[in-house]
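Undergrad:
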Amino acid sequence: MRVQKVNEHTIRIFISLTELTDRDITMADLFQRSAKTEQLFWELIAQAREEVEFNLDQPFWIQATVATNDEFVITIMKQEEQGEGSVKEKTGRKSSKGRITELVYVFADFEDVVSAVGRLPEFAQLRSSLYEFENEYYLVLSRMGTSRKRFLAEAILDEYGEIVGTTGVFLSEHGKEIIPEKAVQTLNAAFNKST
Numbered sequence: 001m002r003v004q005k006v007n008e009h010t011i012r013i014f015i016s017l018t019e020l021t022d023r024d025i026t027m028a029d030l031f032q033r034s035a036k037t038e039q040l041f042w043e044l045i046a047q048a049r050e051e052v053e054f055n056l057d058q059p060f061w062i063q064a065t066v067a068t069n070d071e072f073v074i075t076i077m078k079q080e081e082q083g084e085g086s087v088k089e090k091t092g093r094k095s096s097k098g099r100i101t102e103l104v105y106v107f108a109d110f111e112d113v114v115s116a117v118g119r120l121p122e123f124a125q126l127r128s129s130l131y132e133f134e135n136e137y138y139l140v141l142s143r144m145g146t147s148r149k150r151f152l153a154e155a156i157l158d159e160y161g162e163i164v165g166t167t168g169v170f171l172s173e174h175g176k177e178i179i180p181e182k183a184v185q186t187l188n189a190a191f192n193k194s195t
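Residue numbers (UniProt numbering): 1 to 195.
(1) Is lysine 90 buried or exposed, if buried means 16 or more other CB atoms sit within 10 Å of its CB?
(2) Counting only the same chain and skipping the five closest in sequence on each side, list residues whose C-beta sits under 7 Å from that of glutamine 79.
(3) By how many angstroms is the C-alpha of valine 164 removed from the C-alpha of leucine 103?
(4) Between which residues of its own chain and valine 52 is the CB-CB distance below 7 Å, once the five residues before and five after are set aside?
(5) What's the gap between the Cα of glycine 161 and the Cα of glutamine 63?
(6) Count the other CB atoms within 10 Å of the CB of glutamate 134; is the residue buried (16 or more) or exposed (fewer)?
(7) So what does valine 66 bridge to, in DSSP terms?
(8) Below 8 Å between beta carbons: does that hold for lysine 176 and tyrosine 131?
(9) What's the call for valine 73, buried or exposed, on a 16-neighbour Cβ count within 10 Å?
(10) What ranges does the beta strand (DSSP E) occupy inside the region 108-169, keeping only unbroken runs of at least 3 residues that lie completely in it?
(11) Between the Cα of glutamine 125 and those of Asn7, Trp42 and Glu181, spot the shortest distance and give me the residue it belongs to.
(12) Taking threonine 101 as the reference, give the member of Val117, Ser172, Val140 and Ala116 with the closest Cα.
(13) For chain D, is any of its Cβ atoms less than 8 Å away from the one on asparagine 135?
(14) From isoleucine 156 to valine 117, what distance separates their C-alpha atoms?
This is the structure in structure tokens:
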């Protein structure tokens with residue numbers, strides 16, 4: 001296992017399939033709550049506290065994604081108070097049931113956005129929009145469901161961009177609206193036409 005401190009609010013923990021198997025944890029276990037995964041989670045937090053001085057002293061959210069064929073990335077992000085501070089310090093939006101209903105990814109340049117959406121699986125009810133804010137591009141996604149396709153999509157998006165906790169509402173008020181709706185479909189139709 002490797003622990004990478006992204007900033008004071010976020011860490012990434014890389015864990016291999018072999019390490020999971022050694023703990024009798026399957027890939028399916030990793031994506032649902034169970035006694036085994038909770039125990040693993042607290043072991044990871046203890047390791048992170050020791051290695052990179054990351055203390056979970058406030059609410060947080062956790063995301064597991066596939067990094068390679070043999071490695072998972074578990075991202076743990078502390079929830080910040082809504083208010084002042086960088087847009088990147090806030091976390092994903094959750095519904096009253098605790099599910100994340102809107103994901104926002106930031107990309108350094110437009111080409112990364114185009115490349116990422118070109119590899120996404122199709123979602124029947126996907127809603128998406130694209131904004132520019134402080135010379136970066138923000139892709140807002142919702143209605144992705146909870147299927148394996150969503151986990152695949154998140155892994156692809158993580159390759160090209162970085163998940164942030166701002167909202168579409170914030171971006172619509174403070175950013176420049178580039179594609180207000182159906183951004184993924186619009187970008188794919190314009191730039192990723194199949195031959």
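We put the beta carbon where it would ideally sit given N, CA and C, even for glycine.
TA: Quick answer:
(1) Taking the sequence shown and counting its residues from 1, the one referred to as residue 90 is at position 90. Low confidence applies here, because lysine 90 scores a pLDDT of 36, under 50, leaving its location unreliable and the question unanswered by this model.
(2) Reading the sequence shown from its first residue, position 79 is the one you call residue 79. The residues are Gln58, Pro59, Phe60, Trp61 and Thr91.
(3) As a working mapping, residue 103 is identified with position 103 in the sequence shown. As a working mapping, residue 164 is identified with position 164 in the sequence shown. Computed Cα separation, rounded: 8 Å.
(4) Position 52 of the sequence shown holds residue 52. Only Val3, Lys5 and Ile11 meet the Cβ criterion.
(5) Reading the sequence shown from its first residue, position 161 is the one you call residue 161. Reading the sequence shown from its first residue, position 63 is the one you call residue 63. Whole-angstrom Cα-Cα distance: 15 Å.
(6) Here residue 134 is taken as the residue at index 134 of the sequence shown, counted from 1. Classification for glutamate 134: exposed.
(7) Translated into positions along the sequence shown, residue 66 becomes position 66. Answer is Phe72, bridged to valine 66.
(8) Here residue 176 refers to the residue found at position 176 when the sequence shown is read from its first residue. Here residue 131 refers to the residue found at position 131 when the sequence shown is read from its first residue. Yes; because the gap between Cβ atoms is below 8 Å, this pair is in contact.
(9) Your numbering for residue 73 matches position 73 in the sequence shown. Valine 73 comes out buried.
(10) 127-133, 136-142 and 162-164
(11) Translated into the one-based positions of the sequence shown, residue 125 becomes position 125. Checking every option, the nearest Cα to that of glutamine 125 belongs to Glu181.
(12) Within the sequence shown, numbered from 1, the residue matching residue 101 stands at position 101. Taking threonine 101 as reference, the option from Val117, Ser172, Val140 and Ala116 with the minimal CA-CA separation is Val140.
(13) Although the question refers to chain D, the structure presented lacks it and comprises just one protein chain.
(14) Looking up residue 156 in the sequence shown gives position 156. Looking up residue 117 in the sequence shown gives position 117. The alpha-carbon atoms of isoleucine 156 and valine 117 are separated by roughly 9 Å.
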